[in-house]
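Structure, as structure tokens:
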Amino acid sequence: MDERLEEDDKMALEELSLAPPHRKAHSYSHQLRTNTGTHKHRHHQIRKHSLDENQIMINHVTSKNNVYNDGDVNSSDEDEFFPYSTGSGNSGGGGVGSVSERHVDYIGLSQRIEGIALRDGGACDEGQRLPQQPLPEFVGSGGDVGVFKAPNRAAVHPSRPTCLELRPHPLRETQVGKFLRTIACTETQLWAGQESGIRVWYYSDAYKPGIGTGGRARRGDEDAAPFYESANTSPAICLMVDHGSKLVWSGHKDGKIRSWKMEQNFSDETAFKEGLSWQAHRGPVLSMVISSYGDIWSGSEGGVIKFWPWKAIEKSLSLTLEERHMAALLVERSFIDLRSQVTVNGVCNISSSDVKCLLSDYVRAKVWAAGSLSFSLWDARTRELLKVFNIEGQIENRADLSSTQDQSVEDEMNVKFVSKSKKEKSQGFLQRSRNAIMGAADAVRRVATKGAGAFADENKKTEAIVLTADGMIWTGCSNGLLIQWDGNGNRLQDFTHHPCGVLCFCTHGGRIWAGYVSGMVQLLDLEGNLIASWVAHNGPVIKLVTGNGHVYSLATHGGIRGWNISSPAQIDNILRPELAAREELYTRLENVRILVGTWNVGQGRASHDALMSWLGSAVSDVGIVVVGLQEVEMGAGFLAMSAAKETVGLEGSSIGQWWQDHIGKALDEGSTFERVGSRQLAGLLIAIWVRKTLRTHVGDLDVAAVACGLGRAIGNKGGVGLRLRVFDRIICFANCHFAAHLEAVNRRNADFDHIFRTMTFTRSSNLLNNAAAGVSSAAQMLRGPNVATVNTDEGKGKPDLAEADMFIFCGDFNYRLFGISYDEARDFVSQRSFDWLREKDQLRAEMKAGRVFQGMHEALIRFPPTYKFERGKPGLGGYDSGEKKRIPAWCDRILYRDSRVASGQECSLECPVVASILLYDARMDVTESDHKPVRCKLNVDIAHVNRSIRRQEFGKILESNEAIRSSLEAQRFVPETAVSTNQIVLQNQDTFNLKITNKSGEDMVFFHIICEGQSSVKEDEVQSDFRPRASYGLPLWLEVTPGAGMIKPDQVVEISIHHEEFHTLEEFVDGIPQSWWSEDTRDKEVILLINVRGSCSTDTKTHRVHVRHCFSGNSVHPDKKPNASSRHGPSSNQKIAPKHAEIGYP
35 MDERLEEDDK
45 MALEELSLAP
55 PHRKAHSYSH
65 QLRTNTGTHK
75 HRHHQIRKHS
85 LDENQIMINH
95 VTSKNNVYND
105 GDVNSSDEDE
115 FFPYSTGSGN
125 SGGGGVGSVS
135 ERHVDYIGLS
145 QRIEGIALRD
155 GGACDEGQRL
165 PQQPLPEFVG
175 SGGDVGVFKA
185 PNRAAVHPSR
195 PTCLELRPHP
205 LRETQVGKFL
215 RTIACTETQL
225 WAGQESGIRV
235 WYYSDAYKPG
245 IGTGGRARRG
255 DEDAAPFYES
265 ANTSPAICLM
275 VDHGSKLVWS
285 GHKDGKIRSW
295 KMEQNFSDET
305 AFKEGLSWQA
315 HRGPVLSMVI
325 SSYGDIWSGS
335 EGGVIKFWPW
345 KAIEKSLSLT
355 LEERHMAALL
365 VERSFIDLRS
375 QVTVNGVCNI
385 SSSDVKCLLS
395 DYVRAKVWAA
405 GSLSFSLWDA
415 RTRELLKVFN
425 IEGQIENRAD
435 LSSTQDQSVE
445 DEMNVKFVSK
455 SKKEKSQGFL
465 QRSRNAIMGA
475 ADAVRRVATK
485 GAGAFADENK
495 KTEAIVLTAD
505 GMIWTGCSNG
515 LLIQWDGNGN
525 RLQDFTHHPC
535 GVLCFCTHGG
545 RIWAGYVSGM
555 VQLLDLEGNL
565 IASWVAHNGP
575 VIKLVTGNGH
585 VYSLATHGGI
595 RGWNISSPAQ
605 IDNILRPELA
615 AREELYTRLE
625 NVRILVGTWN
635 VGQGRASHDA
645 LMSWLGSAVS
655 DVGIVVVGLQ
665 EVEMGAGFLA
675 MSAAKETVGL
685 EGSSIGQWWQ
695 DHIGKALDEG
705 STFERVGSRQ
715 LAGLLIAIWV
725 RKTLRTHVGD
735 LDVAAVACGL
745 GRAIGNKGGV
755 GLRLRVFDRI
765 ICFANCHFAA
775 HLEAVNRRNA
785 DFDHIFRTMT
795 FTRSSNLLNN
805 AAAGVSSAAQ
815 MLRGPNVATV
825 NTDEGKGKPD
835 LAEADMFIFC
845 GDFNYRLFGI
855 SYDEARDFVS
865 QRSFDWLREK
875 DQLRAEMKAG
885 RVFQGMHEAL
895 IRFPPTYKFE
905 RGKPGLGGYD
915 SGEKKRIPAW
925 CDRILYRDSR
935 VASGQECSLE
945 CPVVASILLY
955 DARMDVTESD
965 HKPVRCKLNV
975 DIAHVNRSIR
985 RQEFGKILES
995 NEAIRSSLEA
1005 QRFVPETAVS
1015 TNQIVLQNQD
1025 TFNLKITNKS
1035 GEDMVFFHII
1045 CEGQSSVKED
1055 EVQSDFRPRA
1065 SYGLPLWLEV
1075 TPGAGMIKPD
1085 QVVEISIHHE
1095 EFHTLEEFVD
1105 GIPQSWWSED
1115 TRDKEVILLI
1125 NVRGSCSTDT
1135 KTHRVHVRHC
1145 FSGNSVHPDK
1155 KPNASSRHGP
1165 SSNQKIAPKH
1175 AEIGYP
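Numbering-wise (the numbering used here), the sequence shown opens with residue 35 and increments by one.
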């Protein structure tokens, strides 16, 4: 009887094999060359010509309050996975459709060029011998509602402003050592500081095509607008524009400040070089600012603030290149260490925390220095410390509080396992395991949260600061709090419009732009009311600047986008349909095949032959291989250690590494495939390999893990995931192990739901991955529970998996066969009656009822159940025949969801990822585990945007569309204003009240007063040339209050123009007298420029006012202490300056 059963099993196995007999290697290669010979021609065609697609029809969806984050559809080119609701429609199966006739098959192309290398022993790809036709699929119910509905996409995002994509999002792996950290705008250029130097874009080149693959641009910049790069330098951290000197100043990690000329002959062949540079700090230059008087202030680590007088810098700039060393030395010796000036007897009144931000309050001629939790306020003219206060607004004139910094977490911990009593030893294995695991995990948590008391402070650290047009100061915190201050450092009010951290600000007219760690950009008015918000990038927005009628946003991944200064506005409603109508010009279609394998290895290890049978034999036409393993390693001790390591952000094991290494050998890693990354949670492991010819288009790997074991904290059950970009589309993979036992259906359903809703992707902590990805320090992302807030939108965010264009679940789901006995199941298997068995499949029944894997696809199963087998026993006779006789079951499964929201949809920018299954089988010849390995090969069609071409089309629309040109012309409007005089003469200590009138009855006016230059008048009334100070700063003898502000319609503002004596005695810096700081006694004349603009004006109008100081001879004698400012009371030879109300200012 047993012999007959074994014979029946052998016959059944032979019948199960769908592949023809083994073919010789040369005939297979010949067949492959024949089948793929036309791929190269089709690839050339699709890249060079327009696609014959239907015109895009977009319904514009905007909310009544113009808040853009309530949009319904994501842009198809979008690279974010953020909350948007999606369109309706039932999920369905279906073929690829006619669009597949125009796919670019990168794998076929690479094989045509390189040929196919056969594996050890001449094993051929069994998948290639199968008919390459899509297999029939079963689709679960419930995929058309809620978070399980595939997100809709569109060629142009219908519910946010259109943008200029100056530099498309580059893959993280391409930016190693090249990440952009900051940007700044001049009148004609956009400058960027990167980890290897500086780069420059001209606005006039913004709509030109990228260099493309094979051009001078390196990988990651192929589609960026043309730019120029500097010679290599230390990483640039901050940039500062000096219009007066026509220089851009950069602060670097090596502590140097470097200057760069705006006007120079940039060349594609030659990197441009720095000008004046000097060693400013021992540590990195974290922040820089030019004060109202043209002096440079710089901040570094440890609360160090240095002041660099303009006269020393000006003299150094005048030296020749041969004298560069002398110039640098001259500046280096001119600094004043402001921290040391306010330190008395070793007690310092300012914090020792890093000076993250410096702000020039040119309204009142002050400088703000911001640390994480405190501020110091300085007089820009006298360099006097005015006030020190904390983030709550409380004054802190106190000793250095370095002792209040976060206590470091202990490096070592000792976990003592108390010997168990006899009663404890008599407990079951599960209970003992639980006690050990929870005890170790709790011990680690206690250590990890030792400094939790300081976490509240860490959560409200200051990250950004800005001066608004009404003279207020705004700061942004790491918890999303926006705080408004007056010019004297008094906290006025605060707002919270988004739960994520604020990283940057910029202002233009009556608007405030805020960038968040979530990628969100918000637009507020001067009262703090939210005007609009939208997701600008798929990563933290680390810098916002204004220039050329745009607000440019820089994301931490290096992407730069430009938003019209008036957005959201009518111009966006004109641009969207125009750009969408040209969809066929910038749409590109690609094809890639993905092999997914899952195997519960039962703590065993596999032979090379087993891995070749499972994976190596099916990869010759595959571009991406993803492998999910379960029970790589188990046991109470291992699970306890794994839980402890996860608590402190560590993962992985030596056995997990063994599996990756041996799978890599089966895939010919190094020559054919490249390992991209992995994630391990206890016994769960997922890893991914990408074919080298496809690697250019795949990257940005993120990882995730969700525990579903004891207390949802232990990883004996749960899921691990990977997320990556493939041709700008987001594809996620999840490897899961659900609850066991026949009756635990609801627990398995709950495990899936928990994993789907809570899996949150972050960058891997694995050192290999970080080295490859070149993790930028510009915006550090948190690991752990707090990460969940990053991708949320006011608490309404969809799960990360739900926002993916495609996700694939694999693993030991543990769903069993119900209503059938062991013998009946064995009989059905022997007879290959899989249709009957499928009716008894718990997973199929639950999917049909819409209780699990809602809307997901699985090929019809045509292989025997993969569980449970006796190890080492081949054939169907290997099913469990022990005492328990577990009923065979399809525990090991692979399912997917693509972009289709309705059956029959073809691949397009509206439905960017369409997949079908070519192979779905189990390797019954592998006997190393009680489970059989399962594999699934998917044919994936991907539609994406050629960013370079779309940017060109964007520029053409702006030039040709009359309505847009009219709208842009309207933005140039500046309300009419008048000044009371253009000639002012001051004696010593005189004050003149200059009046500026807003003649418009409807529009607000914003003004900013700068100094075009100063000239000395000789005795013969001959003037010297006007020379500007840095950033058109004021001379030290002139006070202009307020220096900027707003004027309401039909209102008048008075500006106090005051002369203030500012003679300084010879000061010694490093023992060297700095005598040139003293002002001379000749008459002087300056030209004040009153720049006026409207709320969203792209142009400015300028009033010129000449101010002349006639020296009266009443100077301060050297033996008398000079009176630096009239705020301290007049001296005997001073006139009392009348006080004027600051109209519209605190």
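Note that CB positions come from ideal geometry on N, CA and C, so glycine has one too. Since the structure is predicted, the reported quantities are computational estimates derived from the model, not experimental observations.
### Query
Any idea what DSSP makes of Ala346, helix, strand or coil?
Judged by DSSP in its simplified three-state form, Ala346 adopts helix.
### Query
Is Thr632 helix, strand or coil by DSSP?
Three-state DSSP puts Thr632 in a strand.
### Message
So the candidates are Pro1069, Leu214 and Gly1035; which of them puts its Cα closest to the Cα of Asp1084?
### Response
Out of Pro1069, Leu214 and Gly1035, Gly1035 has the C-alpha closest to the C-alpha of Asp1084.
### Ser1000 in three-state terms, based on DSSP
Three-state result, Ser1000: helix.
### Query
Do you know how far the Cα of Glu703 is from the Cα of Gly903?
Checking the displayed sequence, the identity of residue 903 turns out to be Phe instead of Gly. If I take the Cα positions, the gap works out to 31 Å.
### Message
Counting C-beta neighbours from all protein chains within 10 Å, is the total for Val1086 16 or more, i.e. buried, or is it exposed?
### Response
If you draw a 10 Å sphere on the C-beta of Val1086, you find fewer than 16 other C-beta atoms in it, and that means exposed.
### Query
Touching or not, the stretch 874-884 and the stretch 939-954, by the rule of three or more beta carbon pairs under 8 Å?
Contact check between the stretch 874-884 and the stretch 939-954: fewer than three CB pairs, one atom from each, fall below 8 Å, which does not count as touching.
### Three-state secondary structure (DSSP) of Trp568
Residue state, collapsed to three classes: strand.
### Query
Can you tell me the Cα-Cα spacing of Leu684 and Ser641, whole angstroms?
Approximately 29 Å between the Cα atoms of the pair.
### Nonlocal neighbours in the same chain, by C-beta distance under 6 Å from Thr530, ignoring five residues either side
Gly514 and Leu515, listed in sequence order.
### Query
So, is Trp870 buried or exposed, given that buried needs 16 or more other C-beta atoms within 10 angstroms?
When all chains shown are included, Trp870 counts as exposed.
### Task
Enumerate in chain order the residues of its own chain whose CB-to-CB distance from Phe847 is below 7 Å, with the five nearest sequence positions on each side excluded.
Its chain contains Cys770, Phe772, Arg782, Leu877, Cys925 and Arg927 as the residues whose beta carbon lies nearer than 7 Å to that of Phe847, once the 5 sequence neighbours on both sides are disregarded; these appear in chain order.
### Task
Taking 9 Å as the cut-off, decide whether the C-beta atoms of Ser963 and Gly749 are in contact.
Between Ser963 and Gly749, the CB-CB gap reaches or exceeds 9 Å.
### Query
Run through DSSP, which three-state label would Gly1035 get?
Gly1035 falls in the coil class under three-state DSSP.
### Query
Nearest to Gly593 by CA position, among Asn582, Asn572, Ser601 and Glu612, is which residue?
Nearest Cα to Gly593 within the set Asn582, Asn572, Ser601 and Glu612: Asn572.
### Query
So Gly535 and Val551 are in contact, right, with Cβ under 8 Å, and what is the actual spacing, rounded?
Right, their Cβ atoms sit about 4 Å apart.
### Query
Between the stretch 388-400 and the stretch 336-354, do at least 3 Cβ pairs fall closer than 8 Å?
Short answer: they touch.
### Message
Assuming contact is defined by CB atoms lying nearer than 9 Å, are Asn607 and Gly583 in contact in what I supplied?
### Response
Not a contact, by the Cβ cut-off of 9 Å.
### Query
Are Thr541 and Thr580 closer than 9 Å when you measure CB to CB?
Yes; because the gap between Cβ atoms is below 9 Å, this pair is in contact.
### Message
Which residue wins for smallest C-alpha separation from Gly911, given the options Ala1004, Asp959 and Gly938?
### Response
The shortest C-alpha separation from Gly911 is found at Asp959.
#### Entry: CA-to-CA distance, Trp1071 to Thr1098, given in whole angstroms
With a pLDDT of only 48 at Thr1098, under the threshold of 50, the placement of this residue in the model should not be trusted, and no figure is reported.
### Task
Report buried or exposed for Pro170, applying the criterion of at least 16 other Cβ atoms within 10 angstroms of its Cβ.
By the 10 Å Cβ count, Pro170 comes out exposed.
#### Entry: When Ile1091, Arg999 and Arg920 are compared against Leu1020, the one with the closest alpha-carbon
Of Ile1091, Arg999 and Arg920, the residue nearest in Cα terms is Ile1091.
#### Entry: Local conformation of Thr727 per DSSP, three classes
Assignment of Thr727 by DSSP, reduced to helix, strand and coil, places it in the coil class.
### Message
Rounded to the nearest angstrom, what separates His1137 and Phe306 at their Cα positions?
### Response
Cα atoms of His1137 and Phe306: separation of roughly 36 Å, rounded to the nearest angstrom.
### Query
Does DSSP put Trp693 in a helix, a strand or coil?
Helix.
### Message
Check whether the stretch 1025-1045 and the stretch 1115-1131 are in contact - that is, three or more C-beta pairs closer than 8 Å.
### Response
Counting Cβ pairs under 8 Å, three or more are found: they touch.
### Query
Are Ala738 and Val754 closer than 9 Å when you measure CB to CB?
Val754 is positioned such that its CB atom lies closer than 9 Å to that of Ala738.
#### Entry: Contact set for Leu972: own chain, Cβ-Cβ below 6 Å, skip 5 residues either direction
The residues are Ile628, Ala949 and Ile951.
### Task
Compare the C-alpha of Val275 against each of Ser268, Ile217, Lys907 and Ala259 and name the closest.
Looking only at Ser268, Ile217, Lys907 and Ala259, the smallest Cα-Cα distance to Val275 is reached by Ile217.
### Query
Considering only residues of the same chain and omitting the five flanking positions on each side of Met1231, which have a CB-CB separation below 6 Å?
Because the chain spans 35 through 1180 in this model, residue 1231 falls outside it and cannot be assessed.
### Query
Of all the options Ala503, Gly544 and Leu564, which has the alpha carbon lying nearest to the alpha carbon of Asp528?
Of all alpha-carbon atoms in Ala503, Gly544 and Leu564, the one lying nearest the alpha-carbon of Asp528 is that of Leu564.
### Query
For Phe790, which three-state DSSP category applies?
Note: Phe790 maps to helix in three-state DSSP.
### Task
Quick one: give me the first and last residue of the beta strand (DSSP E) that Ala548 is part of.
Taken as a continuous stretch (DSSP letters only), the beta strand (DSSP E) holding Ala548 covers Arg545 to Tyr550.
### Message
Can you check which of these residues, Ile384, Lys990, Pro192 and Val422, is closest to Arg525 by C-alpha distance?
### Response
When each option's Cα is compared against that of Arg525, the closest is Val422.
### Query
Exposed or buried, Ala716, counting other C-beta atoms within 10 Å across all chains shown (16 or more means buried)?
Buried, because 16 or more other Cβ atoms sit within 10 Å of the Cβ of Ala716.
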